[in-house]
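Presented below is the structure to which this report refers.
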Amino acid sequence: MIRVVLPAHLRTLARLAGEVELEVEGEITQRSVLDALEGRYPMLRGTIRDQVTGQRRPYVRFFACEQDLSHQSPDAPLPATVAAGAEPFLIIGAIAGGTGPLWNRQGTQGEYHATKHTFAF
Amino acid sequence: MSSVRVLVGTRKGAFLLTSDGKRERWQVSGPHFAGWEIYHLKGSPADPNRLYASQTSGWFGQVIQRSGDGGQTWEPVGNKFVYNGPTGTHQWYDGTPHPWEFKRVWHLEPSLDDPDTVYAGVEDAALFRSADGGKNWEELAGLRGHGSGPQWQPGAGGLGLHTILLDPANPGRIFIAISAAGAFRSDDCGQTWRPINRGLHSPQFLPDGAAEVGHCVHRIAMNPARPNVLFMQKHWDVMRSDDAGESWHEVSGNLPTDFGFPIDVHAHEPDTVYVVPIKSDSEHFPPEGKLRVYRSRTGGNEWEPLTQGLPQRDCYVNVLRDAMAVDSLDRCGVYFGTTGGQVYASADAGDHWIPIVRDLPAVLSVEVQTLA
C-alpha cells in the first residue's frame, strides 16, 4: 500500500480528504504510482504530468523522505520506505514568485516538511 | 417570471450572480473552484442548466468543468487538448519562430442547438470541439493549418483564440478571432478557414498596411438577428463589417480613445453598440480616471458616454475582452466586470448602473443567461 499526499487544490478537484492509499502493482516508481493515482482519480490526469509525454508539469515537484525526487527518472524505484507505506510520496505545488498563494498559508500543508530550503510553508 | 444568471470568471474562482427580471436584488454564489483562474464560463443556449467552465492554473494546468444543474454542482470532464497533426511554429515576441504549445482555454462557446457540443478557443491559438459534453476534444485543425500560422504572433496576454461566434442564420458559419492574428471565418463547420481582415490597419506594428493576418483583434460581437453585421474592438479602433467580415470600416467616431477590449450589441437593437474606452498602449485604464461605457445607437461613429452609477473619479481599473455581456429581457440588461473586482449591471440598456458586487478577484469574463 502506497501513501500519496496531494496539494490542496488537487485534493479538492478529486474530492478527497487526507492521504490517498493506493495498491500499486509491480515496481514502485513515480510512473507506477501516478498511473495508479490517475486510474483511480481520472480528473487528475493532466494536472500533475502531461497527458501525452508523461512529463512532470514544471511547477509540480515530487518529494519523499526529505528528498526532492523531482528530477529522478520516472522509472527509478522510489525509496523503500515509500514502497513499504512507511513514508508518503508527496506531490507539491512549487513556490512561484508572488503570483499564487498556494503554499504560503499556514495550515494543512505545514506538516509536510520535505526539505528545509526549497519551500516555505 | 423571467430571471437572469450572470456567470463571472475571476483570477481566483467563479461566481454566479442571480436575480429576478427586475435585476435590482442579487444573490451571489461562490467562489466555485476557489483559487483557480476561471477564464470563462458559458451556458448552453439549448439547455440553460448545462454550463461549461474553463478552470486553469499555472501549477496544475487545464481543467474543464461541466454543470447540469445551472452551476449548483460541477463535474470535471475531459482536459486533453492535443493539437491535430504537426504543430509547426508561430512568431515569438521577438519575431523568431516558436513552436505551438497548449497553455489554456480562453473561451468556451456551446453550440446553439446541442448541449453536448461545445467549442473551445485556446492558447496557443487553435479551435477545439467536443461533441460529447466536454469529455473528448478534437482540434479543428484547418484553422491553424490555414497557412498563415507562421505569421501569427502573441499579444501581450498570449496567442489566444478568444472570440467564437456561431451564426444562427447560417449553420456551419463560425467567426473566430485571435490576438494577434486577426479574424477568421469558416463556412463549413470549422473544416476550412480564411482570414477576414480586409480594411483593418495596424501601422503601429505591422509594416504592411494591407497585411492579411497579424492584426490584434480584441473582440468581435454580433446581434444574432443580423449576423452579417459585425462590430470589432481592435487594439486600435472600433470597426464594423456589413458583409460578414469580407470588409471592415472604422466607426470609432468621437470615442475618447482608440483602444479597449470588450464590445457588445444590444439584444433587440442591432445598431446599439457598447464599448469601454481604455487608454493605451501601456496604461490600460480609463481615461481621466472615469469609468465610462460608451454607447452608439447609430451602429458606430456617434457615441455617448454612460456614467450614471459608474465611478467618475480616481478609477483605474480595466475591463477585459470577455467581461461584457447583454441579457435578452425586454429592457436589455448590460453587464461588465473589472479588474478591480466590480461587476456592474444596467437594467435599462446602459442609462443607469449599479454594482452587483464590488470586491471580487479581478474579473476575467462575464456572461449572462436569460432564464424563463
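Residue numbers (the working numbering), protein chains in the order written: chain L, -17 to 103; chain X, -14 to 357. Glycine residues also receive a C-beta, built at the ideal position from the N, C-alpha and C atoms.
State the start and end residues of the unbroken alpha helix (DSSP H) segment that holds residue i.
i       : result
L/H(-9) : -10 to -4
L/R22   : 12 to 22
L/V64   : 62 to 65
Could you tell me the boundaries of the beta strand (DSSP E) in which residue i lies?
i        : result
X/R(-10) : -12 to -5
X/T242   : Looking at the DSSP string, X/T242 is not in any beta strand (DSSP E), and its letter there is neither H nor E.
X/S115   : 111 to 115
X/G56    : Counting along the chain, X/G56 falls outside any beta strand (DSSP E), and DSSP gives it neither H nor E.
X/Q12    : 12 to 17
X/A206   : 202 to 207
X/E22    : 22 to 28
X/S171   : 167 to 171
L/Y41    : From DSSP, L/Y41 is part of no beta strand (DSSP E); its letter is neither H nor E.
X/Y279   : 278 to 281
X/P290   : 289 to 291
X/T148   : 145 to 151
Since residue i and residue j are thought to touch, with beta carbons under 8 Å apart, how far apart are those beta carbons, to the nearest angstrom?
i      : j      : result
X/Y24  : X/L356 : About 23 Å; that fails the 8 Å criterion.
X/V351 : X/F321 : 6 Å
X/W359 : L/G75  : Because chain X is modelled from -14 through 357, residue 359 of chain X falls outside the range shown and cannot be assessed.
X/A168 : X/I159 : Actually they are not in contact, since the Cβ atoms of X/A168 and X/I159 sit about 11 Å apart, beyond 8 Å.
X/A110 : X/L146 : 4 Å
X/D98  : X/A31  : 5 Å
X/D228 : X/N213 : 6 Å
L/L104 : L/I30  : Outside the modelled stretch of chain L, which goes from -17 to 103, sits residue 104 of chain L, for which no answer is possible.
X/V198 : X/D249 : With 8 Å as the limit, X/V198 and X/D249 do not qualify as a contact, their Cβ atoms being about 25 Å apart.
Short of 6 Å in beta carbon distance, which residues of its chain neighbour residue i, apart from the five on each side in sequence? Order them along the chain.
i      : result
X/Q354 : R(-10), G28, P33
X/K88  : E108
L/L51  : F44
X/G325 : V302
L/G80  : Its pLDDT being 44, under 50, L/G80 is placed unreliably by the model, and the measurement read from it follows with that caveat. Nothing listed; no residue qualifies.
L/V2   : V(-14)
X/S187 : H200
L/P61  : A46, C47
Mapping DSSP to helix, strand and coil, what is residue i?
i        : result
L/A149   : Missing from the structure shown is residue 149 of chain L; chain L here goes from -17 to 103 and no further.
L/P83    : Confidence in L/P83 is poor, its pLDDT being 37 and thus under 50, which makes the residue's placement unreliable; the coordinate value appears in the next sentence. Of the three classes helix, strand and coil, the one that applies to L/P83 here is coil, per DSSP.
X/P61    : strand
X/R129   : helix
X/P135   : helix
L/G8     : coil
L/M25    : helix
X/E273   : helix
X/Y301   : coil
L/M(-17) : coil
X/R8     : coil
X/F395   : Outside the modelled stretch of chain X, which goes from -14 to 357, sits residue 395 of chain X, for which no answer is possible.
L/A(-1)  : coil
L/P70    : coil
X/V311   : strand
X/Y320   : strand
X/I159   : strand
X/P340   : strand
X/A330   : strand
X/E254   : coil
X/S164   : strand
L/P59    : strand
X/V67    : coil
On the DSSP bridge list, what partners appear for residue i?
i      : result
X/Q76  : X/P82
X/S187 : In DSSP, X/S187 forms no bridge with anything.
X/R225 : X/F216, X/H234
X/E197 : According to DSSP, which records beta bridges pairwise, X/E197 is partnered with nothing at all.
X/V353 : X/V(-9)
X/Q47  : X/T41
X/L93  : X/A105
X/L2   : X/V(-9), X/V13
L/Q49  : L/A46
X/Y259 : X/D249, X/R280
L/R31  : L/R38
Which residues in the same chain as residue i place their Cβ atom closer than 8 Å to its Cβ, once the five residues preceding and following it in sequence are excluded?
i       : result
L/L(-2) : L(-12), Y23
L/M25   : L(-5), A(-4)
X/P135  : G73, T74, H75, Q76, P82
X/Y78   : Q138, P139
X/D54   : N34
X/L240  : V223, V260, P262, Y279, W288
Within the same chain, show all residues whose beta-carbon is closer than 7 Å to that of residue i, passing over the 5 residues directly before and after it, in chain order.
i       : result
X/A308  : P247, F321, G322, V348, L349, S350, V351
X/K(-3) : P16, A19, G20, P346
L/T90   : Bear in mind that the predicted position of L/T90 carries a pLDDT of just 30, short of 50, making it too unreliable to give a figure here.
X/R8    : V(-11), G318, A330, A332
X/Q47   : T41, N64, F66, R89, V90
X/R10   : S4
X/P297  : Sequence check: residue 297 of chain X is Gln here, not Pro. The residues are K275.
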